[in-house]
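Yeah, the first sequence ends on 1508 if you go by the working numbering, and it's all consecutive.
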Amino acid sequence: MNIRLTLPDGSVREVARGTTPADVAGQIGPGLAKAAVAAKVNGAVWDLHRPLETDADFAILTNRDPAALDVLRHSSAHILATAVREIFPGAGIGFGPPIEDGFYYDFDVPRPFTPEDLAEIEHRMVAVAKRDDPFVREVVDRDTANTRFSDDALKLERIEELGDDEVISVYTNGPFTDLCRGPHIPSTGLVKHFKLLHAAAAYWRGDENRQSLQRIYGTAWFTKAELEAYLHRLEEARKRDHRILAKQLDLYSIQEDVGPGLVFWHPKGAMVKWLLSREVEDDNLACGYDLVYTPNITREELFQISGHLPLYEAQQYPGMGAGREEAEHVRYRVKPMNCPMHTLIYKSKQRSYRDLPVRLSEVANVYRNERSGTLHGLLRVRGLCMDDAHIFCTPEQAEDEIFLCLDQVDRLIRRTFGFEMSFELSTRPDEKLGDDVAWDETEAILQRALERKEIPFSVDQGGGAFYGPKIDIKFLDAIGRAWQGPTIQLDSQLPERFALEFIGADNQPHRPIMIHRAIYGTLERFIGTLIEHFAGAFPVWLAPEQVRVIPISDAQAAGAHGVAENLRSAGLRVHVDDRTETLNYRIREGEVMKVPYMAVIGQRELESGSVAVRVRGTGKKQEILPVERFVARLVEEVRTRALSP
RNA sequence: GCCACUGUAGCUCAGGGGUAGAGCAGCUCACUCGUAAUGAGCAGGUCGUCAGUUCGAAUCUGACCAGUGGCUCCA
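Here it is in C-alpha cells:
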C-alpha cells in the first residue's frame, strides 16, 4: 500500500507505507540524504528512521533549519547523559531538553559536579559521539516502561504522569536508554561541535519544595564556525558585563554595610541617571503630563485597599511602628510602587470629565524586598527608581492614551537609542481581581491601540498583572540580547478599590480607568542595559564626561583651561587633565574611561586657536578644528542625541 | 528563599597551621613630553564577620554576611 507525501514545493511523491524519511531523502537525492537531520511530517518533527504511516505534508530538515538545531541539541543532551552515566553509574536522570543556544540535563547524583568533572564528561561525550551509535526509537507499553526505568525514581514519576492515551516512546543510543518524546538525530556521530558550559543546581520539576538536582548546561551547533561564533558572543557579553564596566568607569557601587540591592550612584553614574530622568520628564511635560512628588512611606492600610499587600506581602518590606503619638496598631510601609499615591492625588478633589485625562508622573524611588538569590548588579535591585506615571481617563479615552504611551516608547527607546523592540500583550492571570467582563474590555483596548499603531505583537496568555492586562516591551541590544523594557498596564481595579470618580456631562458620577506606564522601567535596570549595550561607551549626550582637554605640556595648561571654559559655557561637561603625566599616559586613561572626545592642545593649537580632536576609539585619526567649530559640533551632537561616537 | 562555588591592599590576583606578596592605582621626587602605560622611591591589609579546634588560625571546622552561577520569583 502506498501513501502520498506532499513536498514543500507542492509536488506529491508516492511511496510505500513504512518508508522512512531517510529513504525518501535518498530517493530525492544523495546530497539531501547526506544533509538530512530530521523530517517534518504534518508540522511535527520526526526521526529520519521513523516509518511513515499515512499521507502527509512532508519536508526534510537539514542543518540549515532552526528546528533541526533543536533536534541536534536534544540529542546532545542524551549524549551528555550517556557520558554522565558511564562515569557516574547509577546517576538518576531528570529532564534534558534543548534550550535557546544549547541544552541541559538534570542529574540526581550524590555530590555536585566539579569543573574537573565537566572536563571529563565533555571528553567522554566526544567518545560517545564518535561511536556513532544510532538513536533507536521504540514504542513501549506502560509496564515495559516501568520495568525499563525501575531503578530511576525520576523517570518512574514521569511515566506515572503520562496519560493513558499518550504514546510512551523510549530512545536508545548505545548503552543509554531514555524515556523521551524525541525526535532525535539519526546517530550520535552528528554531534561534533559542542561544549559544556557550567553546572548549577536546579529543582526537580522546578519546584522549590522538591529535591535539588545537578544541572549541566552545554551548547551544540552544526558547524565549528557557529560554535566558535557563539563562544565569541559569550565572551563579548562577558566583556560588556555592566558590573565590571561600571566599576572601571566608577558609575555606582553596592555596599555590603548598607545592604544588597541598594545602589550608590557615584558622580558619573548619577549624571547618567539624572540625564535620563530629565529626558523622560521633559518628554512627559511635552506630552501633557504633570509632575508630582509623593511620600516614600505610608500607613499600610493604603496597600490593603489597593490589594497589593495581601498578594505581595513577601516582596514588601515589613511594617514599621507608628509614630509616638499614634495608636499602636497603625503601621507604616515603605512603598513598593507609586500607584496608590497617585490615586490619592486624583482623589484629592472632585474631577470633571473636562479634566480628563489626568496624567501624573513621578521619577520615584520605591523599595521591594526581592529574594536575595535574584539580585544581580543593576538589573535586579531592591531600591529602584521608576519613571512612573499614571493616567486617569474615561474608558473611551483609554485607547488614545495607550496610543500616546506607545508614541513615547517609540521616541525615547527606539529613536533615541536605536533599539529594536518587540511587543507582547499579557492577558489575565489566574490570580486576578475583577470579573471576566472587565478583563475582556481592557484587553480589547490594548489590542486596538497596538493594531492602530500597526505594531506586531505576541500574546502572553495569563501574563498580566493581577489588576489588569499589559503591554510589555522588550528591546534588543547591540549583541542581540532581549531586555525587558517599557510596560503599559491597564487597570480598572484600583479605580474601583479607591472609588475614583469623575462627574460626566450627564452630571452623574462615573468611574475612570487607570493606565500605569513606565518607559525606562527602572532607571537602575535601564542604565545597566545601556552600559552593556554601549559597552560603557555612552553617546555624547549621555556621557558623564563629554570632553577631556589635554595640554601637551605645562606651557599649554592655561590655554587648555581657557578652551575648557569655552566648552563649559556651551553646556558641555569638560575635564582638563593637566597632570604631569606623559601625553600617552593621559590619552590612554581617556580611552579607558571611554570619554567620547579628547581635545589635545599643543603649542601649534594654542597659537592657532584650535584643538587636536581625538574621537573615542578611532586611534590616531585626529582632526585639527578651530575651537568654535569643535564646540558647535558637540552642541549639535548633544542636541540631536547622536549615537556616535 | 534553595543548591553549589567564591571572599587576601582602592582594583586584578598569587600564596597558605609559625602572624602576608605581585602588578596596576595612590603619594614623593626627577622627567615637560605630539596621540593607548617614563623612571626611581615610599606608603598601603584585624586575609568578609563571629565562634570553635590548636602552643599558635589568614590557612582547618561551624555559623552568619556578601558576591557569582543556576533554580524559583519578578505588582
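Every residue, glycine too, gets a C-beta built ideally from N, C-alpha and C. As the structure is a prediction and not an experimental result, all values here were calculated from the model.
Item, Value
"What number of angstroms, rounded off, separates the C-alpha of Pro1414 from the C-alpha of His1438?", "11 angstroms"
"Look at the Cβ atom of Tyr1209, then the Cβ atom of Leu1363, and state whether they are nearer than 8 angstroms.", "yes"
"Does the pairing of the stretch 938-951 with the stretch 1000-1010 give three or more beta-carbon distances under 8 angstroms?", "no"
"List the whole-angstrom C-beta distance separating Leu1313 from Ile1334, where the pair is believed to meet the contact cut-off of C-beta under 8 angstroms.", "7 angstroms"
"On the DSSP letters alone, give me the boundaries of the alpha helix (DSSP H) that Glu963 sits inside.", "No alpha helix (DSSP H) contains Glu963, which DSSP labels as neither H nor E."
"What runs of the alpha helix (DSSP H), each 4 residues or longer, lie entirely inside the stretch 1245-1279?", "1258-1272"
"Can you round the beta-carbon distance between Arg1196 and Glu1163 to whole angstroms, since I take them to be within the 8 angstroms contact cut?", "4 angstroms"
"Pair every Cβ in the stretch 1256-1270 with every Cβ in the stretch 1212-1221, then say whether three or more of these pairs are closer than 8 angstroms.", "yes"
"Hey, how far is the Cα of Tyr1216 from the Cα of Val1410?", "51 angstroms"
"Are at least three pairs of beta-carbons, each pair with one atom in the stretch 867-886 and one in the stretch 1010-1026, less than 8 angstroms apart?", "no"
"Report buried or exposed for Glu1298, applying the criterion of at least 16 other Cβ atoms within 10 angstroms of its Cβ.", "It is Asp, not Glu, that sits at residue 1298 in the sequence shown. The residue in question, Asp1298, is exposed, as its Cβ has fewer than 16 Cβ neighbours within 10 Å."
"Kindly indicate which residue of Ile1336, Gly1026 and Ile1079 has the alpha-carbon position closest to the one of Glu1287.", "Ile1336"
"With distance defined between alpha-carbon atoms, name the residue in Leu1393, Gln1324, Gln890 and Met988 nearest to Lys1136.", "Leu1393"
"Evaluate contact between the stretch 1027-1034 and the stretch 983-1001, counting only Cβ atoms and requiring at least three cross-stretch pairs below 8 angstroms.", "yes"
"With 16 other CB atoms within 10 Å as the buried threshold, where does Ala901 fall?", "buried"
"Counting pairs of beta carbons, one from the stretch 988-996 and one from the stretch 1043-1055, are three or more of them closer than 8 angstroms?", "yes"
"With a threshold of 16 other CB atoms inside 10 Å of the CB of Gln1419, please say whether the residue is buried or exposed.", "buried"
"Determine the direct distance from the alpha carbon of Glu1317 to that of Ile1351, and round the result to whole angstroms.", "17 angstroms"
"Select from Gly959, Glu1470, Asp1113 and Leu981 the residue whose C-alpha is nearest the C-alpha of Glu1408.", "Asp1113"
"Report the residue ranges of all alpha helix (DSSP H) runs contained in full by the stretch 1094-1151; include only those spanning at least 4 residues, in chain order.", "1105-1112 and 1130-1149"
"May I ask you to list the residues that DSSP assigns as paired with Asn1354?", "For the sequence presented, residue 1354 should be read as Asp rather than Asn. Met1377, per the DSSP bridge assignment."
"Tell me the DSSP secondary structure of Glu1486 in three-state form.", "strand"
"On the CB-based measure, 16 or more other CB atoms within 10 Å of its CB, does Gln1077 come out buried or exposed?", "buried"
"If the criterion is Cβ atoms closer than 8 angstroms, does the pair Asp1441 and Ala1462 meet it?", "no"
"Should Ser939 and Phe966 be called a contact, given that it needs their Cβ atoms to be closer than 8 angstroms?", "yes"
"Leaving out five residues on either side along the sequence, give the residues of the same chain with a beta carbon under 7 angstroms from the beta carbon of Gly1151.", "Arg1222"
"Based on Cα-Cα distance, which residue from Phe1365, Tyr968 and Gly1391 lies nearest to Leu1139?", "Gly1391"
"May I have the straight-line CA-CA distance separating Ile1126 from Ala1109, to the nearest angstrom?", "Checking the sequence, you will find Val at residue 1126 rather than Ile. Taking the straight line from one Cα to the other gives about 12 angstroms."
"Quick check for students: name the residue ranges of the beta strand (DSSP E) that lie wholly in the stretch 918-983, counting only runs of 3 or more.", "919-925 and 965-971"
"If we call anything under 8 angstroms between Cβ atoms a contact, is Thr1206 one with Phe1361?", "yes"
"So, with DSSP's three-state summary, where would you put Phe1320?", "strand"
"If you measure between the beta carbons of Val1474 and Val1458, is that distance less than 8 angstroms?", "no"
"Comparing C-alpha positions only, which one of Val1455, Pro960, Asp1104 and Thr925 sits nearest to Lys897?", "Thr925"
"For Leu1059, which of Val989, Gln1074, Ser1116 and Glu1020 has the nearest alpha-carbon?", "Val989"
"Considering only their Cβ atoms, is the gap separating Ser1169 from Pro1199 smaller than 8 angstroms?", "no"
"Hey, would you say Gly1246 sits closer than 8 angstroms to Tyr1230, going by beta carbons?", "yes"
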